[in-house]
Amino acid sequence: MEMYKVGRYLVDSLQIYFPASLEIQEELINNGFYVPRSPDRKVSMPIPIVYSDFGGRVISIERLIPPEWLEISPEQLGWEETYLENKRGFKLPKEEVYVDVSISNDSIIFELDVKNYHLERTSIRGINPEKWKNWVMFYIDLKYVDEFINALREHIPAFENKTRVIREKQQGGKEVTYYAKVNVKNFSLCLGCFDLAQRYLQIKAKEHCNIYPGSPTCNDSLSKLKLRLEYDPSITTFAKVGIAKISGKRPQIMVKLTSTETKTIRGILKPEIKGKARGKLVYCDHREKRQYIALDLFDFYKALVSTKKYEGKLPTDD
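Residue numbers (the numbering used here): 1122 to 1439.
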C-alpha cells in the first residue's frame, strides 16, 4: 500500500470524549465498575475525557480527574494549584499533540501523537450521552489550510464543487464553525492506551475491591477489559470538517468525529441509559498505543475548499 506523507502539524487542542461511548460504559459496568458512581455514593467513577490544549489552561477542580485520584502530586503532573472564582483549580501547562497526515489510496489518515494531556470529567448532572453527537475533535491552526489544499490537489480529480456548508454554534455560542460532512473510512481510538487513564482505572479497580470485596474488580478484570473503539461500518458515522473560531483562540481547521444512532444500555443510577453508538469495542494490549482517524480523501478536500471561503464570516475577538 503506497503512502504519501502530507506533513506533521501541531494540534491546538484535542478532546476525546470516551464517556460518550456507551460501549465503553457498558464494558466497565459489566466488569463490576460503578459508572458514574455507586448507588451508596461510596465510589465515584466518571469515565475520563482525554484533553490536550497547547495554549495551557486554568481549570476548576470539579472538571478534572484530580491528582489525588491518580495518586500523583500536582508537581509531578506539572500543574500549579490556584483558585478560579473562589474554587480550587489548577493552572495547566502547554500540552503538545501532533498529527501526522498521510494519504493512502482514497483515504486521508490522521495519526495522533499525543505527547501531553490531562484527564477531565463531567459532573453527574452534566452526563447526558443522549445529546452528545460529536465525541472526538481536534483543531489545527487555520494558517495551514492553503498548505493542506495544495498538498492534496494533485491527488484529487477535477470536479464541480457543490458541497453543502453548514454553520453551527457550540459551547453556548463561544464556538462558531462552518463545516461539511465527510465520510469516515476507519478509526481506532483506545482509552487504555493513555497511561494516566490506565492508572486511573487500576486505582479505581482497587477502590471498588476494597469497598466491595465480592466485586469482579477483585479478579483482575481490568486486564481483560475491551477499551479500544474501532470503526463499525454498520453505525452511521461521519466527520465534520471545516473551519472554526472559538472565543479567545485563533481561527482553526476543525475535524470532529460524529455519530447519531441511538444505543441503550443498562445503567447503575437509573435502569436505562440512552446515548449514541460509536463503534466496535475490541481488546487492546496497549503496547502500540496507536490512535488514528481515516477519512475519505475526496470528501475532505472538498470540505476544506468549500469552508475556506467562509473564513471572512468567522467572528473576531474584538
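Built from N, CA and C at the ideal position, the CB exists for glycine as well.
Three-state class that DSSP yields for Lys1212 in the structure shown
Lys1212 falls in the strand class under three-state DSSP.
For Glu1167, count the other beta carbons within 10 Å of its own beta carbon; 16 or more makes it buried, fewer makes it exposed. Which is it?
This sequence places Pro at residue 1167; Glu is not what is there. Pro1167 is buried by the Cβ-count criterion.
Starting from Gln1412, trace the beta strand (DSSP E) in both directions and tell me its first and last residue.
It is not in any beta strand (DSSP E) - Gln1412 carries neither H nor E in the DSSP assignment.
Member of Glu1147, Val1426 and Leu1378 whose CA lies at the smallest distance from the CA of Lys1254:
Of the listed residues, the one whose Cα sits closest to Lys1254 is Leu1378.
Cβ-based neighbour list, Ile1229, same chain, cut-off 6 Å, excluding 5 preceding and 5 following:
Answer for Ile1229: Leu1416, Leu1418 and Phe1421, listed in chain order.
Following the continuous alpha helix (DSSP H) through Val1266, name the residue where it begins and the one where it ends.
Val1266 -> alpha helix (DSSP H) spans Val1266 to Arg1274.
My parser needs the beta strand (DSSP E) runs of 3 or more residues fully inside the stretch 1157-1222; what are they?
The qualifying runs are 1170-1174, 1178-1181, 1201-1205 and 1208-1213.
Between the CA atoms of Gln1323 and Leu1191 - distance to the nearest angstrom
When rounded, the distance between both Cα atoms is 9 Å.
Taking the continuous beta strand (DSSP E) assigned at Glu1144, which residues delimit it?
Following the DSSP letters along the chain, one finds Glu1144 in no beta strand (DSSP E) but inside the alpha helix (DSSP H) bounded by residues Leu1143 to Asn1151.
For the beta strand (DSSP E) that Tyr1299 lies in, which residues bound it at each end?
Tyr1299 -> beta strand (DSSP E) spans Glu1296 to Cys1311.
On the criterion of 16 or more Cβ atoms from any shown chain inside 10 Å, does Pro1392 qualify as buried, or is it exposed?
Pro1392 should be labelled exposed.
Pop quiz: Ser1181 and Leu1205 are said to be a contact at Cβ under 8 Å. What is the actual Cβ separation, rounded to whole angstroms?
About 5 Å separates the two Cβ atoms, so the contact holds.
Do the CB positions of Gly1128 and Val1179 come within less than 7 Å of each other?
In this structure, Val1179 does not lie closer than 7 Å to Gly1128 by Cβ.
In terms of alpha-carbon separation, which member of Lys1126, Thr1437 and Thr1243 lies closest to Glu1268?
Closest option to Glu1268, Cα to Cα, is Lys1126.
Rounded to whole angstroms, what's the CA-CA distance from Pro1160 to Gly1313? Just pull it up for me.
Each residue's alpha carbon lies about 25 Å from the other.
Close beta carbons around Val1303, own chain, < 7 Å, minus the five adjacent residues each side:
If the five residues before and after Val1303 are omitted, its C-beta is found closer than 7 Å to the C-beta atoms of Phe1359, Ala1360, Val1362, Leu1416, Asp1417, Asp1420, Phe1421 and Ala1424, all from its own chain and listed in chain order.
Which of helix, strand or coil does DSSP assign to Ala1360?
Reduced to three states, the DSSP call for Ala1360 is strand.
When we look at the beta-carbon of Leu1390 and count the other beta-carbons within 10 Å, is it buried (16 or more) or exposed?
Per the 10 Å Cβ criterion, exposed.
I'd like the span of the alpha helix (DSSP H) that includes Arg1320, first residue to last.
Asp1316 to Ile1332 is the span of the alpha helix (DSSP H), which, as asked, contains Arg1320.
Classification of Gly1247 by the beta-carbon crowding that lies within 10 angstroms, buried from 16 upward
Bear in mind that the predicted position of Gly1247 carries a pLDDT of just 48, short of 50, making it unreliable; the figure below should be weighed with that in mind. By the neighbour-count rule (16 or more Cβ atoms within 10 Å), Gly1247 is not buried but exposed.
Hey, Leu1440 and Ile1186: beta-carbon distance below 7 Å or not?
Outside the modelled stretch of the chain, which goes from 1122 to 1439, sits residue 1440, for which no answer is possible.
DSSP state of Asp1420, grouped into three classes?
Shown here, Asp1420 sits in a helix according to DSSP, grouped into three states.
Paired residues, beta bridge with His1239 - DSSP:
BP columns for His1239 point to Tyr1172.
Do you know offhand how far Ala1272's Cα is from Ala1301's?
Approximately 20 Å, taken between the alpha carbons.
How long is the line joining the alpha carbons of Trp1256 and Gln1292, rounded to whole angstroms?
Looking at the two C-alpha atoms, the distance is approximately 14 Å.
When you compare only the Cα positions, how much space is there between Thr1203 and Ile1170?
Approximately 22 Å between the Cα atoms of the pair.
Nearest to Lys1370 by CA position, among Tyr1260, Asn1207 and Ile1150, is which residue?
Of the candidates Tyr1260, Asn1207 and Ile1150, the residue whose Cα lies closest to the Cα of Lys1370 is Tyr1260.
How about Ser1380 and Ile1356: are their beta carbons less than 7 Å apart?
Cβ distance < 7 Å, so Ser1380 and Ile1356 count as in contact.
Looking only at C-alpha atoms, which of Asn1331, Leu1350, Ile1332 and Arg1320 sits nearest to Ser1344?
Checked all of Asn1331, Leu1350, Ile1332 and Arg1320; the closest Cα to Ser1344 is Arg1320.
Touch test, the stretch 1400-1415 against the stretch 1143-1154, Cβ-Cβ under 8 Å, three pairs minimum:
In this structure the stretch 1400-1415 lies against the stretch 1143-1154, because at least three pairs of beta carbons, one per stretch, are closer than 8 Å.
Which one of Val1132, Asp1133, Thr1428 and Ser1134 has the shortest CA to CA distance from Glu1289?
Cα-wise, what sits closest to Glu1289 is Thr1428.
With respect to the beta strand (DSSP E) encompassing Leu1350, which residues constitute its N-terminal and C-terminal limits?
Lys1347 to Glu1351 is the span of the beta strand (DSSP E), which, as asked, contains Leu1350.
Quick one: grab the DSSP three-state call for Leu1263.
Of the three classes helix, strand and coil, the one that applies to Leu1263 here is helix, per DSSP.
With distances taken Cα to Cα, identify the nearest neighbour of Thr1383 among Thr1298, Arg1158 and Ile1394.
Of the listed residues, the one whose Cα sits closest to Thr1383 is Ile1394.
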